[in-house]
Structures are given as C-alpha cells and as structure tokens.
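Protein sequences, first through last, are from chains A and B. Count the first sequence with the numbering used here and you get residues 1 to 283, in order. Count the second sequence with the numbering used here and you get residues 1001 to 1283, in order.
Protein chains: 2
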Amino acid sequence: MRIIEQPAELQAWALERRAAGRRIGLVPTMGNLHEGHLSLVRLAKAGADETVVSVFVNPLQFGPNEDYAAYPRTFAEDCAKCGAEGVDVVFHPAPDAMYAPGASTTVRESALTGVLCGASRPGHFEGVCTVVCKLFHLALPHVAVFGEKDAQQLRVIRRMVRDLDFPLEIVPGPIVREADGLAMSSRNRFIPAGMRGQALCLRRALDAAEAAFAAGERRVEALRGLMAETVRRVAPDGEVDYISLNDDETLEPLDGEISRPALAALAVRVGGPRLIDNARLVP
Amino acid sequence: MRIIEQPAELQAWALERRAAGRRIGLVPTMGNLHEGHLSLVRLAKAGADETVVSVFVNPLQFGPNEDYAAYPRTFAEDCAKCGAEGVDVVFHPAPDAMYAPGASTTVRESALTGVLCGASRPGHFEGVCTVVCKLFHLALPHVAVFGEKDAQQLRVIRRMVRDLDFPLEIVPGPIVREADGLAMSSRNRFIPAGMRGQALCLRRALDAAEAAFAAGERRVEALRGLMAETVRRVAPDGEVDYISLNDDETLEPLDGEISRPALAALAVRVGGPRLIDNARLVP
C-alpha cells in the first residue's frame, strides 16, 4: 500500500493508472476510520481495480466555532485498517499542500444547501464541494463512494457531479450501525459514557417515523411530532438542531402529506457532539 | 470533422480518445470565429493529437442587460473555418443540453474578479468559470488555449486550474490584431462604420503607455493619465468603462510606482460595443 502526501504525486499516479486502463475507486474520508468507512472501501474495491482512500480533515468545511482542532486524527490506525482491506493508495495531504496560499476558487451548490446541516453550518457544503472537486481532479476516480449517513452531503455531491459533468459515478454506501442502532461516526467517541443511551434517540425517532409510515401515516406534522416526542423521551438532555422531513431529491422541506420519496433527518447534540441520522420514507 | 451536440457524447469520445493514448487540445469559444480564434486553434493543434473547438454562447456569463441575444452566431461559417484548420471535433451544445433544469452548482473565483471587467459585469466570471469547468470535464483536454485579449479571464482560469487541481495545462495565445492595431473581436462588427477610427483608441492608449514605460516612466498615475488622454483624443465619443494598471498576477490595482510586472488594461464603449484591450508592462 502506497501512502501519498503530495497532490501532484497522486495526480501523476492516477493519470498513469488510467493510461494503463485501470479503473480507480475513491473513498474520501476525514480519517479516524470505523466500520462505516470500511464498508465504503469495500464498495469502491468492488467497482474498481485500484482503490484510493483520502484521509484529510478539511479545514474549509469547518466553521469557526466547530471542532476542526478536536476532530480525531488516528492516521497510523487508519493506515493499518486500509492495509487490511487491500487499499492501494492512502492519500494524506497536509492542509498547506492542499490549499495554495491565497487559494480563491470554490465550488458552490445553492439549491440543496440552505436547509438541514447547511442551515446550521454556513459555508460547510462549499468547503465540502471544493475539497471533493479537488480530490476528484487528483485521484481521477471512475467511481467515488459516499456514505448515506451524510444524506445531505451525498445529495449535494451527486448534484455537483451532474451539474459540472464530472466523468465519474457516485455510489452511495448504506449506514453502518452499532449493535444497538447508533449510526457509526467518528464523533461518537465524544459522547460522555453516561449519555450513551441518550444517543440512541436519533435511531429511535427514525424507528418511530418508519413504523408509523409503514402503518399508513402520511402527515408530515404527525411524523415530525412523533420524532420530536421520541427524542425528548429517549434523550431528555439532548439539544435538537433539526428534525425534518424533506423531499428526498430537492431537499425542500415538506408539509401536508407525503406523496413522493421523503428524507426524514435529524441532528441532535448529545453531551457535546452533534450527531446526525436519517431514513428514507418511500410511499 | 465531427460535430457533437450532446455533452455526454463529447465526454464518451474524450474518454475513448484518452484511453487510446491520444492528447486532447481544447479551444473554448463563443463562435463567430475570426483569425484570433484560429491562432488559438493552431496552438491547440501544436500541443495535442486531437483538437476540440467548443462553440457555445454561454448564457450564464451574460448579465441581464448584456448582448446575449445579439451576440453573433455564425455556426456554418465557424464549421468551415474549423474544417480548414484540421479541427477534429466541433462541440456545439444547446443551452438546454448544457444546463440541466434546476442546475445549482457554480464555480467562483473571488480574488481576481472584483476589478476590471468583473467590476462592470457582476456574475460574469462565475459564469465563465462554471462553463469552463464543465467543458474541461466534457472534453477532458490535456491542454486548453485561451486568448490574451481576455486578460482577466486568462488569469481567472489559470487560478481556477491551480486551485481546483485540474489535470491540464493552460496555454495563452497572443492577441491577434487588424492591420491598424484593433484587437480582433466578434464585437467589432457592431462598431458603426463612421466610428471605426475611434475604436483604435484602446491600442493607441496602450502604445502611449508602452512607449512611456520603455522610456523609464514608472508612475502609475502618469501612465494612466497618458492612456486616458490618448483615449479622449482618439475617441472623443468613446465611453470609458475603465483604464487601469493592475498587478499582472493578483490583479490588485496599482498605485505609486511599478516595480513588478503590471497589466495595463482598458474597456471603452465605442458606438455601442464595449471593446477591451491590454498590454503587459514588465520592469
């Protein structure tokens, strides 16, 4: 397994591999790899001859009061896990190498990013789109894999790929969960031990919405009320950022009754970390 | 010579050509090709095995009061000229084919675009960056050629390529002029016959600045004054948009004395069309 730190070296490698007729798969990550990431790596490997995992905590997608400095960095362990999965290249650039002094070009998606996490994290998705655009140009993947836990990110990236005609395919990876249902996340380690049970509020709220939806409930307000009530019950100390039902493709907030595929999504702060989870409701 | 109208068809062609080991050269144009464009085509051909000329009047880069509808469209003549130059592909998409309904992703450069043409044409360079990004993803060029007449555009595109790590080289093409010095432009046809002489004010102003600079003049105000005076003398009916001396790389407006390479640039409306021209002043 090759570890590459310089963007130009990754691009030269990718051009050479492409010229040799090899298909490249990319899994962009911020490191601190868990089973969720590794499931994405397996999807990339299934669709490509060469697999690149990028490990880069991207400063551009963190707000001034967010957890950029505290974000867990465990590069040696990440490399061991990538090695065990048969990854071909780990790309691990320094922030200085990724962003030239005075870098002034960004990629912005404007229709899907004003709601949900985008509303709470101004500039976040511009940072995501910009770094993903750069990673696409450096790794030159035929296929890139993104997790469904970051539901809005997946949709924004898909939209970017469509709108800017990137010559690649986006493959979504299903959410991977702990045995009790908590969606795997690098931020779970910051949940205080005594509040671990409360962190289940997100999945339980989605369970409640899915059960009611399966039983025929289509009213957005009723479903959202059920989710909010579940969060309050399971996580009395949780701070809700949003509990929302949105059009699954356009992410427009829904009202009235659900007649097209919907995304039920929520973000709740549980003892420090801000956790997110989601489920699709398809009539 | 192949004429391609569908973006997906161009991308499939480019991927196939790349897989065959061929180098691709791209010349993005808005059509109405003149000798200036054809000089860019020759540069592309010199650096590539396959040359693509895109002919697309990009609605995204025109402001609401600009000349999108009136911009000259002469596709049959353009094809004849491309054929004579040995172009391999002319890409000629419909606006609907280039922009999906609800397209919402744009590329923005923010450091170089607030001055000169960017100041007069808000949104113009976001439209340029977005369409050029798309053309790069569709034609997948190894080399792309841009004319030096659009001095700011050339610098913005170079910055975009650097910042977003596009795997390609930008080649600048020198300004091509009529015998009397007027820079070739598709908009020259809109200069009223009686004002053709006044259109020379741009080149004459640059001549004056270059001559003074060569004679040792380094004061920005003196050089700009000389240019303004020349424009007034040669084009009493001209409407000046800007006459400016800027840092050649950062495009920051200069004051004091010129100690690094500078860009002398001006935009003047002469009987309707807005004309631009520029020259580099290198100490």
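Yeah, the Cβ is synthetic: ideal placement off N, Cα and C, and Gly gets one too. Everything numeric in this text was worked out from a predicted model, so none of it was measured.
Asked, Found
"Determine, for residue 1104 (chain B), whether the minimum Cβ-Cβ distance to residues of chain A falls below 8 Å.", "yes"
"Would DSSP call residue 75 (chain A) helix, strand or coil?", "helix"
"Alpha helix (DSSP H) containing residue 244 (chain A): first to last residue?", "That residue, residue 244 (chain A), is in no alpha helix (DSSP H); its beta strand (DSSP E) goes 239-247."
"Relative to chain A, which residues along the segment 1111-1135 of chain B have a C-beta separation below 8 Å, given in chain order?", "1111, 1112, 1129, 1130, 1133, 1134"
"Give the range of the beta strand (DSSP E) segment to which residue 170 (chain A) is assigned.", "169-173"
"Does any CB atom of chain B fall closer than 8 Å to the CB of residue 282 (chain A)?", "no"
"Taking 8 Å as the CB-CB cut-off, is residue 1137 (chain B) touching chain A?", "yes"
"Can you give me the C-alpha to C-alpha distance between residue 230 (chain A) and residue 71 (chain A), rounded to a whole angstrom?", "29 Å"
"Under 7 Å between beta-carbons, which chain B residues line up against residue 100 (chain A)? List them in chain order, please.", "1162, 1163"
"Can you check which of these residues, B:1282, B:1237, B:1076, B:1162, is closest to residue 1195 (chain B) by C-alpha distance?", "B:1237"
"Measuring alpha carbon to alpha carbon, tell me which residue in A:173, A:13, A:248, A:116 is nearest residue 268 (chain A).", "A:116"
"Check whether the Cβ atoms of residue 78 (chain A) and residue 127 (chain A) lie closer than 8 Å to each other.", "no"
"For residue 1140 (chain B), which residues in chain A fall below 8 Å Cβ to Cβ?", "167"
"Three or more C-beta pairs closer than 8 Å, one from the segment 161-169 of chain A and one from the segment 1131-1150 of chain B: is that the case here?", "yes"
"Checking 8 Å against the spacing of the C-beta atoms, do residue 7 (chain A) and residue 98 (chain A) come in under that value?", "yes"
"So within the segment 124-171 of chain A, which uninterrupted beta strand (DSSP E) runs reach at least 3 residues, ignoring any that extend past its ends?", "143-147"
"Would you identify the three-state DSSP class for residue 1230 (chain B), choosing helix, strand or coil?", "helix"
"In the structure shown, what three-state DSSP assignment does residue 41 (chain A) receive?", "helix"
"Cβ closer than 7 Å: which chain B residues qualify as neighbours of residue 284 (chain A)?", "The requested residue 284 (chain A) does not occur in the structure, where chain A is confined to residues 1 to 283."
"For residue 223 (chain A), which residues from the same chain have a beta carbon less than 8 Å from its beta carbon, with the 5 sequence-adjacent residues on both sides left out?", "209, 212, 213, 217, 245, 258, 264, 281"
"Could you tell me whether the Cβ atoms of residue 1227 (chain B) and residue 1266 (chain B) are closer together than 8 Å?", "yes"
"Determine the DSSP secondary structure at residue 1014 (chain B), reduced to helix, strand or coil.", "helix"
"Would you mind working out which of A:52, A:202, A:33 sits nearest residue 144 (chain A), comparing C-alpha positions?", "A:52"
"Helix, strand or coil for residue 1188 (chain B), going by three-state DSSP, please let me know.", "helix"
"What are the boundary residues of the alpha helix (DSSP H) that residue 207 (chain A) is part of?", "201-214"
"Measure from the alpha carbon of residue 76 (chain A) to the alpha carbon of each residue in A:239, A:66, A:90, then state which is nearest.", "A:90"
"Thinking C-beta only, is residue 1113 (chain B) closer than 8 Å to residue 1125 (chain B)?", "yes"
"Is there a C-beta anywhere in chain A that falls below 8 Å from the one on residue 1019 (chain B)?", "yes"
"May I have the straight-line CA-CA distance separating residue 1273 (chain B) from residue 155 (chain A), to the nearest angstrom?", "43 Å"
"Considering only their Cβ atoms, is the gap separating residue 1121 (chain B) from residue 1063 (chain B) smaller than 8 Å?", "yes"
"On the three-pair Cβ rule with 8 Å, is the segment 1173-1190 of chain B touching the segment 1023-1043 of chain B?", "yes"
"Within its chain, find whatever has a CB closer than 7 Å to the CB of residue 1086 (chain B); leave out the 5 residues flanking it on each side and keep chain order.", "1045"
"Expressed to the nearest angstrom, what Euclidean distance is found between the alpha-carbon atoms of residue 19 (chain A) and residue 1019 (chain B)?", "6 Å"
"Taking only beta-carbon atoms, is residue 15 (chain A) less than 8 Å away from chain B?", "yes"
"When the distance is taken between beta carbons, is residue 1277 (chain B) closer than 8 Å to residue 1203 (chain B)?", "yes"
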